[in-house]
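For reference, the structure is listed below as structure tokens.
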Amino acid sequence: MKLSLSNALSRVKDSLWQIMQLVLASILSYVIARFGFGHPVPLLAVTVAISSLGFARDTRPGRVATTALAMVLGVVLSETALVLFGPGTLQLLLVILLALLSARLISPNPTFALTVAIQAVLVQLLDAPTGGDFARVIDGLIGGLVALAFTALVPRNPIRLARADSRLLFATVKDTLAKLREVLLTADKATADLALENIRQTQPLVDNWKSSLESAAAIAKLSPFYRWAQKEIADQRVLFKGLDLATRNLRVITRRIDYALQDQRPRPELAAVISKALIAVDLLEQSLDDFSLRAKAQKYLLKLIRQLDPKSMPGAGLGDQVIFMQLRPMIVDLAVAAGIESEQALRLLPHVD
């Protein structure tokens, strides 16, 4: 129960800025429609503002604009049908059909189509407002424009979520490497299975980090208040590219080690390489807080790459040699994450006969 309460409070704390943004945007939309345009019940002004901003991870202006467009389109279609044909069952059927057809024509996103249809249905079924024909269209436009204005002028911190997502991926990669080091020293198959389970869960973490970086880049480009974040976002993109590739290689390596440990034989030479890779990943994670530390990670990785000579494992069996050869591209990927050109890193790899 304590854990659940802690998670709930943490979730509320992390959402405070989003909540305030939604409250202010919805109230501003209401005030503009109610007192600026004289609409007594500007329901759609408020709902469009809230729905467009939402709590979605992706807060790019394009996503906000797409949601607002879908809602306004549904309102326009339904209001036009009401003016031309009036209310009724057949008219409702026609509006839903037109809404879905037009939405699918405009966008491949199924959510876009559903949003258009739902708004069209609401306009058909709710009592007509006293503001006149197409008053709800004006309300929808007000809500959409206010949401876009808040996205540009009062945006959510574009880099905070990216940092949090990156740390989740780093934590999983480091935990996997630590487990692999342990199993290579102890030949503990159960721990190897845990490492494999860990690394299989990384793709959603990679996708989340990628999405939050794209969102951060779009916000920092549009908002004058977050131009300072553009350099950090660019640095994180380099870090993401390399760690994404390294994570893919680590999945293969983990499966190979898990299979190799069926002979229950420790492999201290491979454990030493994994240990050095873990140090490199830790240095890269530290650079999230201070990208000046990336130079330290680069220096360490350049030195490590020069040590990846298969001749350093004399007497190793074929399976161990295969694992060692798979570790080489993973460490090159870590070098890419540190900002080293892949061609430079590959040139430094010891030659394989």
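Per this note's numbering, the sequence shown starts with residue 22, numbered consecutively.
Glycine residues also receive a C-beta, built at the ideal position from the N, C-alpha and C atoms.
So, helix, strand or coil for residue i, using DSSP?
i	result
Val362	Here residue 362 is Glu; the residue named in the question, Val, does not match the sequence. Coil.
Met334	coil
Ser244	coil
Asn219	helix
Phe56	helix
Thr80	coil
Gln285	coil
Gly340	helix
Ser236	helix
Val373	coil
Gly95	helix
Ser25	helix
State the start and end residues of the unbroken alpha helix (DSSP H) segment that holds residue i.
i	result
Thr172	Ala156 to Leu174
Asp279	Ala250 to Ala281
Ala318	Arg315 to Arg327
Thr110	Thr110 to Ile127
Phe133	Pro131 to Leu146
Val67	Leu64 to Leu74
May I have the straight-line CA-CA distance separating residue i from residue j, to the nearest angstrom?
i	j	result
Ile117	Phe133	14 Å
Gln42	Pro82	14 Å
Pro371	Ile344	16 Å
Arg177	Ser233	12 Å
Val85	Glu362	36 Å
Asp311	Asp160	46 Å
Asn219	Ala66	45 Å
Leu190	Gly57	48 Å
Ile40	Ile163	19 Å
Ala70	Glu364	49 Å
Leu339	Arg288	13 Å
Thr380	Arg184	Residue 380 lies beyond the stretch modelled for the chain, which goes from 22 to 374, so this question has no answer here.
Asp148	Gln224	47 Å
Gly360	Thr193	21 Å
Ser123	Ala138	10 Å
Pro150	Lys252	49 Å
Thr197	Leu74	37 Å
Arg327	Thr136	56 Å
Leu114	Ala250	49 Å
Give a yes or no on whether 8 Å exceeds the smallest Cβ distance from residue i to chain C.
i	result
Gly165	Among the chains in the structure shown there is no chain C, since it carries only a single protein chain.
Report all residues from its chain with a CB closer than 7 Å to the CB of residue i; omit the five preceding and five following residues, and keep chain order.
i	result
Ala292	Arg202, Leu205 and Leu206
Ile248	In the sequence under discussion, the amino acid at residue 248 is Arg, which differs from the Ile named in the question. Only Ala241 meet the Cβ criterion.
Arg157	Leu65, Val96, Glu100, Val144 and Pro150
Using a Cβ-Cβ cut-off of 6 Å (strictly less than) and excluding sequence neighbours within five positions of residue i, which residues of its own chain qualify?
i	result
Leu266	Asp354
Lys210	Leu282
Please return the same chain residues whose Cβ sits closer than 8 Å to the Cβ of residue i, not counting the five positions on each side in sequence.
i	result
Leu215	Lys200
Exercise. What runs of the alpha helix (DSSP H), each 4 residues or longer, lie entirely inside the stretch 176–218?
Worked result: Runs of alpha helix (DSSP H) with 4 or more residues, each lying fully within the stretch 176–218, are found at 181–207, listed in chain order.
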